Ligand code: IVH
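Numbering (my numbering), first residue to last: -11 to 653.
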């Protein structure tokens, strides 16, 4: 990969992780891994200004904008902090400040609260507005929701400035988080991965009574305004506390690097006793005058830095390894551990991922193992304390060869780490898993049915596959455990309603390996109905945009299995939608009628040619160069600087892929 390709790759990865983190609330990588990618991109962009891109992930601090809230511009942008992970980097920060200021200075040490940030505006002592960080320039107005948080005062007391902003972190305390997840588990709703996601998810709720019921908390740590009482940040926080605002009691003003390290090492362990999650320490030059002198880089202040704690580890005993079979037959090894406290929760089980990992850890039963939780809910085993092994070492863990549920011989596909149970149609967890997937919200979305009910119907011998659902009658299920007449009728009604679910979702609901929601949509659009799809081959499949060899192979394999064909035929007979609706078959509007559109840059969702085709199909015209007649520019990554400049000059709108696709959808 050359530098330009590396930059493009980093940008697209960072965009994706930003979206996972800020929009979907489902990060795939740790903050540290994210920061490393970001640093590399920052470095390469600095070394190669010729690849400058106005839309690079380095140009923004992240976005959690949500369409349903009113957006408000921040009076002062909400910046983020530079992250450090080692004492050496902290020393570097301290010495840099020392060199730049060339005078005595104090540092305010604070805990870095791991929640979601908020900016509160108070006028005449009353809370006027609460706004999320958004993209740093503008955020969502979540005032109504924030007003339900008891620790945020609606009215102040004492000698407060007439107008000011105070920023802080909204948190869900561990206790509320665990209770919420227990409740969600009981209702068969997806769990929140960590209190941060739970807090930000809650804050974005459209229903403020939900927010009120979830018991959020907040700590405030940064005052902004023209008439603050003191030059000292720490002193201002104390003043804010006297007005009734909740600031952390753990902030300390210190005068030396040694004291900074003492603070860090104290909280590295002591933070485990706090009621809320923290992920590091924030160091701030205390004097506002000195802060002003130090100033800002493009994204963060030079007067502050965050030191992030290492992911927390615990050492505990491995008692045995059990195996779980998922809906697609993947067999996951699970470590069963002596219960141990880790980042505020008790851990009893951890994922061992696959046979290669077990092999590389050289795992033995009875080993003392290191468990880590990297911001995710499922902890993992990261190492073995071999020095703790005695002469009576336990048996070496070796991956099973037969399915623990149905006894079939496991298989491993070439190039894959996972083992599979091939008994798709008769292995109980696979059957149940397939039905659970089928009824899930994004698939057939059947009201009143959840994993527990599916399990009960399966145990009672009422269903053996998804098609059996459509034969259920209220009379069959009422009288089962906790199943009254009303619930029975509801379920049967919910199942009947699902006959209207469109083809693309039915296709997704079938649970073909590698066919997620997006792929299902593409397939439905390309093949129109199930018969075409069943009759197709790998070559025709890979000709469809975004369908690769692996997906194509999986689809062909699925329909080569007579049991799957029989199932589809029964679902068809039950009245499910197996043809794309006529509107979608047409699928094109005249929304771009009369428009001249310039395409520029590199895209991720469709190729350039496909965009050209889309523009034409929706009534627009694709033109080569920007002029005053251009309606808008459809811009991908790395749009040429000259084009950008020209569009700016002429005041022509620049639209990214997502906006464009929304426009024509
Ligand atoms: S000060 C310009 N202090 O960490 C500096 N931030 O990447 C403003 N955070 O967005 C932030 N605890 O959400 C500050 N004691 C603390 C903090 C803190 C947590 C969060 C905040 C910010 C992010 C920085």
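Backbone N, C-alpha and C define an ideal beta-carbon position, used for all residues, glycine too.
All values derive from a computational prediction rather than experimental measurement.
Check: Beta-carbon spacing of residue 321, residue 310 below 9 Å; Outcome: yes
Check: Beta-carbon proximity of residue 529 to residue 544, cut-off 9 Å; Outcome: yes
Check: Other residues of its chain near residue 351: CB distance less than 6 Å, five sequence neighbours each side excluded; Outcome: 385
Check: Beta-carbon proximity check, residue 534 vs residue 510, cutoff 9 Å; Outcome: yes
Check: Beta-carbon proximity of residue 207 to residue 67, cut-off 9 Å; Outcome: no
Check: Contact test: residue 408 Cβ vs ligand 1 heavy atom, cutoff 8 Å; Outcome: no
Check: Near ligand 1: residue 242 beta-carbon under 8 Å from a heavy atom; Outcome: no
Check: Cβ contact check for the stretch 136 to 153 and the stretch 101 to 109: 3 or more pairs under 8 Å; Outcome: yes
Check: Check: residue 233 C-beta below 8 Å from any heavy atom of ligand 1; Outcome: no
Check: Any non-hydrogen atom of ligand 1 within 8 Å of residue 160 CB; Outcome: no
Check: Cβ pair residue 424, residue 315 closer than 9 Å; Outcome: yes
Check: Buried or exposed by the 16-neighbour rule on C-beta atoms within 10 Å, applied to residue 422; Outcome: buried
Check: Pair within 9 Å by beta-carbon distance, residue 406 and residue 367; Outcome: no
Check: Residue from 532, 264 and 565 whose Cα sits closest to the Cα of residue 595; Outcome: 532
Check: Rounded Cβ spacing between residue 335 and residue 302 (contact assumed at less than 8 Å); Outcome: 7 Å
Check: Near ligand 1: residue 103 beta-carbon under 8 Å from a heavy atom; Outcome: yes
Check: Closest Cα partner of residue 104 within the set 87, 134, 114 and 90; Outcome: 134
Check: N-terminal and C-terminal residue of the alpha helix (DSSP H) that residue 346 is part of; Outcome: 343 to 349
Check: Distance between residue 565 and residue 489 (C-alpha atoms, nearest Å); Outcome: 7 Å
Check: Residues bridged to residue 368 (per DSSP); Outcome: 339 and 360
Check: Alpha-carbon to alpha-carbon, residue 18 and residue 168; Outcome: 24 Å
Check: Exposure of residue 660, with buried meaning 16 or more beta-carbon neighbours within 10 Å; Outcome: In the structure as shown, the chain starts at -11 and stops at 653, and residue 660 therefore has no counterpart that could be examined.
Check: Residues of its chain near residue -4, where Cβ-Cβ distance is below 7 Å and the 5 sequence neighbours each way are ignored; Outcome: 590, 625 and 626
Check: Closer than 8 Å: residue 599 CB and nearest ligand 1 heavy atom; Outcome: no
Check: Inter-residue Cα distance where the pair is residue 548 and residue 524; Outcome: 11 Å
Check: Check whether residue 372 and residue 344 have beta carbons under 9 Å apart; Outcome: no
Check: Secondary structure of residue 601, DSSP reduced to three states; Outcome: helix
Check: Segment contact, 8 Å Cβ cut-off, at least three pairs: the stretch 280 to 299 with the stretch 68 to 85; Outcome: yes
Check: For residue 58: DSSP bridge partner residues; Outcome: Paired residues: none, contrary to the question.
Check: 9 Å Cβ cutoff met for residue 57 and residue 120; Outcome: yes
Check: Rounded separation between residue 77 and residue 585 - CA only; Outcome: 48 Å
Check: Length of the line joining the Cα atoms of residue 563 and residue 487; Outcome: 6 Å
Check: Residue 506, enclosing alpha helix (DSSP H) - first and last residue; Outcome: 505 to 515
Check: Same chain only: Cβ atoms within 7 Å of residue 196, ignoring 5 sequence neighbours per side; Outcome: 132, 133 and 136
Check: Pair within 9 Å by beta-carbon distance, residue 123 and residue 60; Outcome: no
Check: Residues near residue 282 in its chain [Cβ-Cβ closer than 8 Å; skip 5 each side]; Outcome: 85, 88, 89, 273, 289, 290 and 291
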